[in-house]
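S.K.: Residues 1004 to 1464, numbered by the numbering used here, are exactly what the sequence shown covers, in order.
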Amino acid sequence: MASKFMKIFVIGFTLSIATAFAQDNKNHSEFIDGVYKKCLTEGTTYQLLGELCEKFPNRLSGSPGAEKAIAWTKEVMQKYEFDNVFLQEVMVPHWVRGEKEQASIATGSSKIDLAILALGRSVATPAEGLTAEVIVVKSLEEIENLAPDKVAGKIVFYDEPFAQEFANTFRGYGASVQKRVAGASRAAKLGAVAVVIRSVGTGDDDFPHTGSLRYDEDAPQIPAAALGAHSADKLAKILQKNPKAKLFLKMNCQTLPDVLSYNVIGEIKGSENPEAIIAVGGHLDAWDTGQGAHDDGAGVMQSIAALQTLKSLSYKPKHTLRAVMFINEENGLRGGLKYADLAVENNEKHIIAIESDAGGFTPRAFSFKGADSSVAKMQNWIAYFPNNTIDAIRAGHGGADIGPLNKADGTPVAGFIPDGQRYFDFHHSPADVFSAINKRELELGTASLASFIYLIDQEGL
Ligand SMILES: [Zn+2]
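(1) What residue range does the beta strand (DSSP E) around Leu1325 cover?
(2) I need the DSSP call for His1297, collapsed to helix, strand or coil.
(3) Cα-Cα, which of Asp1404, Asn1391, Asp1299 is closest to Ile1440?
(4) Which residues are close to ligand 1, meaning CB closer than 5 Å to any heavy atom, in chain order?
(5) What does DSSP give as the partner residue(s) for Asn1276 in the beta ladder?
(6) Given this structure, state the Cα-to-Cα distance separating Ala1005 from Asn1391, to the nearest angstrom.
(7) Can you tell me whether Asn1171 is buried or exposed, with buried defined as 16 or more other CB within 10 angstroms of its CB?
(8) When DSSP labels each residue in this structure, what does Val1436 get in the three-state scheme?
(9) Given a threshold of 16 other Cβ atoms within 10 Å of its Cβ, counted over all protein chains shown, does Ala1395 qualify as buried or as exposed?
(10) As an exercise, report each continuous alpha helix (DSSP H) stretch of at least 4 residues that is fully enclosed by the stretch 1190 to 1246, in chain order.
(11) Just to confirm the assignment, what range does the alpha helix (DSSP H) spanning Arg1100 have?
(12) Which residues in the same chain as Glu1446 place their Cβ atom closer than 7 Å to its Cβ, once the five residues preceding and following it in sequence are excluded?
(13) Do you know offhand how far Ala1166's Cα is from Ser1142's?
(14) Let me know the secondary structure DSSP gives Ala1005 once reduced to three states.
(15) Give me the Cβ distance between Ile1225 and Ala1191, rounded to the nearest whole Å; I'm assuming they're in contact under 8 Å.
(16) Between the Cα of Gly1423 and the Cα atoms of Gly1186, Thr1205, Lys1272, Ile1357, which residue gives the shortest distance?
(17) In terms of alpha-carbon separation, which member of Lys1372, Ala1374, Gly1293, Ser1315 lies closest to Ser1438?
(18) If you draw a straight line from the C-alpha of Cys1056 to the C-alpha of Leu1408, how long is it?
(19) What does the alpha-carbon distance come out to for the pair Val1416 and Asp1404?
(20) Please tell me whether Glu1163 and Arg1217 are closer than 8 Å, where the distance is taken between their beta carbons.
(21) Determine, using beta-carbon pairs with one atom in the stretch 1258 to 1278 and one in the stretch 1073 to 1088, whether at least three such pairs fall under 8 Å.
(22) Out of curiosity, what's the CA-to-CA distance linking Arg1337 and Ser1066?
(23) Sort Gly1175, His1212, Pro1366 by Cα distance to Trp1290 and report the nearest one.
(24) Using C-beta distances below 8 Å, list every residue in its chain close to Ala1368, excluding the 5 sequence neighbours before and after it, in chain order.
(25) Enumerate in chain order the residues of its own chain whose CB-to-CB distance from Lys1253 is below 7 Å, with the five nearest sequence positions on each side excluded.
(26) Gly1273 to Leu1464, Cα distance in whole Å?
(27) What first and last residue would you give for the beta strand (DSSP E) that runs through Ile1405?
(28) Ignore the nearest five residues each way along the sequence and tell me which others in Ala1079's own chain have a CB closer than 8 Å to its CB.
(29) Just reading off the alpha helix (DSSP H) that Lys1465 is part of, what are its end residues?
(30) Classify Ser1113 as buried or exposed, calling it buried when 16 or more other Cβ atoms lie within 10 Å of its own Cβ.
(31) So, with DSSP's three-state summary, where would you put Arg1397?
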């Protein structure tokens, strides 16, 4: 009798778990459908990003544009009536480009102007500019093998194309960016007077792509700039015909003293475990060229809009949801470092930190750095996402701004991965403007982030 009773009980119990499970799945599906519909029909990300790009196109750390963007994003989250909106103080570097840079090459009796942008952190040329012969190298490895007398007194031109062979453009970027970061100091050690690089970008156009360089302590600091792809083509062609042709460069960028700035944070308090945080963010600073629409206006606006979407659906999160606008990702990472320091100091407990910093394109995947068991669990969620949006959740990186938190206290991190084919057409260049954003693609990104946050809040990692 007893065993029969037990059997019925066990079957009943199992059935009720299965029903609850099915119910949960159904609820999750319905809720996530609602999130996507809301974003596609009434989403606010596009309008917010338009306002950010139009009002504060130049948001490099320490600039007036960055300061105003900080005040404005704080206001936006207050207007949305998030439970708690606050700033975190952080000192940031203050590099300014100054007047528009000039570059030209004399060939015969004519002079050809080239499109350039100084690299971030670069020093200036002398006020009147500098003129020198050019030595062309294809890579950092190539310059290592050159005798100093081949380089001394010259401008080094790193004419290395973007590594186009990878379907994942971020891999191509990783394979191509070292000349921008380390090229100036390598050349300076051999006596070069300046450096120009073929822009690290994928577009067949003449937009130069800036980005940070890093000076080694044991090398003289020399000016460094990026050339648009077409300008790099022209320069290469002229030098092939006339290796003695001289390049003229004029840049008056400079580094000013550090400035007080802020990370901006908005929270929706958790109803069950308010001390446990699910953070989502991007970086509010952007290069002073273009409008920082894809990099990373899209990510910060999606972070705010993801929380606002959940709020507008009357969702009451179990855990505290936090939108974080990091400052200074582009030329220092001070915002991300400060956020991690304060999280440790204040004993904050993050369930996860998620970053959107790969452009406002059609969602494809999330990458995750944490326990393997969490990846396996999250892979079961892919069915909840509409077709043609998130179709993979896999082990990988989080993002630059949340890296320090992961390092400091082991917080698992995730990165939002939209389609990457066009990102490096725009990245760090004057082409990164609001008109390069597609409304549906951007709003789908917000919906994916909101849904991912919802699932983590409901199911844990
Ligand atoms: Zn970025």
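Glycine is no exception: its CB is placed at the ideal position from the N, C-alpha and C atoms.
M.R.: In brief:
(1) The question names Leu, but residue 1325 in the sequence shown is Arg. Annotation for Arg1325: the continuous beta strand (DSSP E) segment containing it runs 1322 to 1329.
(2) The answer is helix: DSSP assigns His1297 an H, G or I state.
(3) Considering only alpha carbons, the answer is Asp1299.
(4) Each of Asp1298, Asp1299, Asp1360 has a C-beta closer than 5 Å to some heavy atom of ligand 1; these make up the full list, in chain order.
(5) DSSP output for Asn1276 lists His1322 as bridge partner(s).
(6) Confidence at Ala1005 is low in this model, with a pLDDT of 48, below 50, so its placement is unreliable and no value can be given for it.
(7) Taking all protein chains in view, the Cβ of Asn1171 is surrounded by fewer than 16 other Cβ atoms within 10 Å, so the residue is classified as exposed.
(8) If DSSP states are grouped into helix, strand and coil, Val1436 belongs with coil.
(9) Flag for Ala1395 reads exposed.
(10) Scanning the stretch 1190 to 1246 from its first residue to its last, the whole alpha helix (DSSP H) runs of 4-plus residues come out as 1232 to 1244.
(11) Membership of Arg1100 in any alpha helix (DSSP H) is not indicated, and neither H nor E is assigned to it by DSSP.
(12) Cys1042, Leu1043, Gly1046, Thr1048, Tyr1049, listed in sequence order.
(13) Straight-line Cα distance between these residues: approximately 12 Å.
(14) Low confidence applies here, because Ala1005 scores a pLDDT of 48, under 50, leaving its location unreliable and the question unanswered by this model.
(15) Contact between Ile1225 and Ala1191 holds, with the beta-carbon distance rounding to 5 Å and staying under 8 Å.
(16) For the residues Gly1186, Thr1205, Lys1272, Ile1357, the minimum Cα distance to Gly1423 belongs to Thr1205.
(17) Closest by C-alpha distance to Ser1438, out of Lys1372, Ala1374, Gly1293, Ser1315, is Gly1293.
(18) Looking at the two C-alpha atoms, the distance is approximately 28 Å.
(19) For Val1416 and Asp1404, the distance between alpha carbons rounds to 10 Å.
(20) Taking the C-beta atoms as reference points, Arg1217 is found no nearer than 8 Å to Glu1163.
(21) Verdict: yes, contact present.
(22) One alpha carbon belongs to Arg1337, the other to Ser1066, and they sit about 15 Å apart.
(23) Comparing alpha-carbon positions, the option among Gly1175, His1212, Pro1366 lying closest to Trp1290 turns out to be His1212.
(24) Ile1393, Asp1394, Ala1395, Ile1396, Arg1397, Ile1420.
(25) Close CB contacts of Lys1253 within its chain, under the 7 Å cut and outside five residues either way in sequence, are with Glu1104, Gln1105, Thr1128, Gly1132 (chain order).
(26) Gly1273 and Leu1464: Cα-Cα distance of roughly 17 Å.
(27) For Ile1405, no beta strand (DSSP E) run applies, since DSSP gives it neither H nor E.
(28) Before going on, a small fix: residue 1079 reads as Val here, not Ala. Hits under 8 Å: Leu1051, Ile1307.
(29) This structure cannot speak to residue 1465, because the chain is shown only from 1004 to 1464.
(30) Label assigned to Ser1113: exposed.
(31) For Arg1397, the secondary structure class from DSSP, reduced to helix, strand or coil, is strand.
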